[in-house]
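Below you'll find the structure, written out as structure tokens, and then a few comments.
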Amino acid sequence: MLECNQIGDAGVQSLAYALQHNTSVTALDLRNNKIGYIGTQSLGDALQNNTSLITLNLGDNQIGYIGAQSLRDALQHNTTLATLDLWNNEIGDVGAQFMGDTLHHNKSLSTLNLGCNQIQDVGVQCLSDALQYNTSLTTLNLGSNEIQDIGAQSLGDALRHNTTLTTLYLWSNEIGDIGAQFLGDALPHNKSLSTLNLGENQIGDVGADFLANALQHNKSLTTLNLGSNEIEDVGAQSLANALQHNTTLTTLHLKQNKIRDIGAQSLGDALRHNTTLTTLNLWNNNIGNVGAQFLGDALQHNKSLTTLNLGGNQIGDIGAQSFGDALLYNTTLTTLMLWKNLIGDIGAQCLSDALRYNTTLVELGLWSNTIGQSALVEISQFVERNQRGAKP
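Per our numbering, residue 16 is the first one in the sequence shown, and the count goes up by one each step.
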């Protein structure tokens, strides 16, 4: 590993010369080394001849769009590189266009990280056009850019035709309800995408409804991240309705939204019927005792959920009692996060009483509540017992 060594352009030129003749190195990590476009040109020259390198990480450098152009030129000839990480390199829309050119011609690249690169809708359109024809890329990271609804429309068009992309990261962009509609409309036609990350965007109830409609028809998506958006109880209800019909989604992240007790009620109703969801993240959603009761009641019937995160909510002793009652019957939940709520000793005692009989819960997060030390010790003893029993 050569990351964080201030190698610079001069140093990387020496490495590039060696790569032209090397046949054994398969991975090269050059993150955070102050490499600019000159050093990248040298690496590009090396890649045109190298036949062994599979992974190249150039994240946190300064290659810019000129460096992206050099890599484009190289990858038109290279047939072995499978993973290219260009995180945080200021390549912009012009650099994204060069990467789009790459995807039009290259047949070996399977993972491309273009996160944090000031890419906007124009650059995304170039990438999307390429995705309609590319048959090798499986993972594309476009997180932390400046993509808006028009860019999401381009990606939606690509997803209607692409048959190989399995993972698409779009977190921390500027996609709203309209962009969510374009993506949602595309998903029923897509057969390959399994992970879609739309966290930290501007998607509200309307956008959630479009994505929920997609879930009722899509058969490939297993992970959907909608955390840190603007979804409230109406959007949660739409997603919950979809979960009663969807049979492929296993992970749903809704952290840091505003679904509240009514949204939790809808999700609880869904959990009574859904048989595939294994992970549900509801951290920081203004859920109180009423919402906890609905979720707790649902857990008495659910047979698939293994991880439930309710940290950072407003659940008190009554809500904790509901989860205690659930743990007496539920035999599939292994992780329950209730940290940073309003649970005191009474609620902790309810959980402890349940854990005397429950043997499947192996992780219970209760920090940042108002629980006394003796109650915490007793609970940890039961959890540790379950952990020992779960080991093969």
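Here a beta-carbon is modelled for each residue, glycine too, at the ideal position from N, C-alpha and C.
- M352 has N324, G380 as its beta-bridge partners, per DSSP.
- DSSP, read as helix, strand or coil, puts N401 in helix.
- Q91 and N121 have their C-alpha atoms roughly 6 Å apart.
- The bridge partners DSSP lists for E247 are K273.
- Between the beta-carbon of N299 and that of K270 there is about 6 Å, and that keeps the pair under the 8 Å contact cut.
- Of the candidates I162, T154, T178, L174, the residue whose Cα lies closest to the Cα of W186 is I162.
- Listed in chain order, the non-local C-beta contacts of N304 below 7 Å within the same chain comprise I330, G331, I333, G334, local neighbours out to five positions each way being set aside.
- For I358, the closest of Y372, G339, R371 by C-alpha to C-alpha distance is G339.
- H268 is bridged by DSSP to N240, N296.
- The beta carbon of V249 sits closer than 6 Å to those of D220, all from its chain and outside the five residues before and after it, given in chain order.
- Following the DSSP letters along the chain, one finds D100 inside the beta strand (DSSP E) bounded by residues 98-100.
- Contact between G130 and N156 holds, with the beta-carbon distance rounding to 5 Å and staying under 8 Å.
- Apart from sequence neighbours up to five positions away, the residues of its chain that approach H232 with a beta-carbon distance below 6 Å are P203, ordered along the chain.
- In this structure, Q315 lies near A341, with their beta-carbon atoms less than 8 Å apart.
- Taking 8 Å as the cut-off, the beta carbon of S85 is found closer than this to the beta carbon of Y52.
- Counting only the Cα atoms, G171 lies some 35 Å from N65.
- If you check the CB distance, S143 and A173 come in under 8 Å.
- In the DSSP assignment, L155 forms a beta bridge with L127, L183.
- Judged by their CB atoms, T153 and T182 are nearer to each other than the 8 Å cut-off.
- For the pair T350 and T375, the CB atoms are not nearer than the 8 Å cut-off.
- By the beta-carbon neighbour count (other beta carbons within 10 angstroms, threshold 16), Y344 is exposed.
- For T178, the three-state secondary structure derived from DSSP is coil.
- Non-local C-beta neighbours of A313 in its own chain, meaning closer than 6 Å and more than five positions away in sequence, comprise G283, L286, R287, ordered along the chain.
- Burial of R275 is indicated by the presence of at least 16 other C-beta atoms within 10 angstroms of its C-beta.
- Within the same chain, Cβ atoms closer than 7 Å to the Cβ of A42 are found at I69, T70, the five residues on either side in sequence being excluded.
- H176 is not a Cβ neighbour of A145, given a cutoff of 8 Å.
- Residue nearest to T321 within the set T290, L180, F309 is T290 (criterion: CA-CA distance).
- Bridge partners of N72 according to DSSP: D44, D100.
- T98 and S123 have their alpha carbons spaced roughly 9 Å apart.
- Under DSSP, T210 shares a beta bridge with T182, T238.
- Judged by their CB atoms, D60 and N103 are not nearer to each other than the 8 Å cut-off.
- The three-state secondary structure of L34, taken from DSSP, is helix.
- T265 and S235 have their C-alpha atoms some 11 Å from each other.
- Rounded to whole angstroms, the Cβ separation of G110 and Y80 is 4 Å, and the two are in contact under 8 Å.
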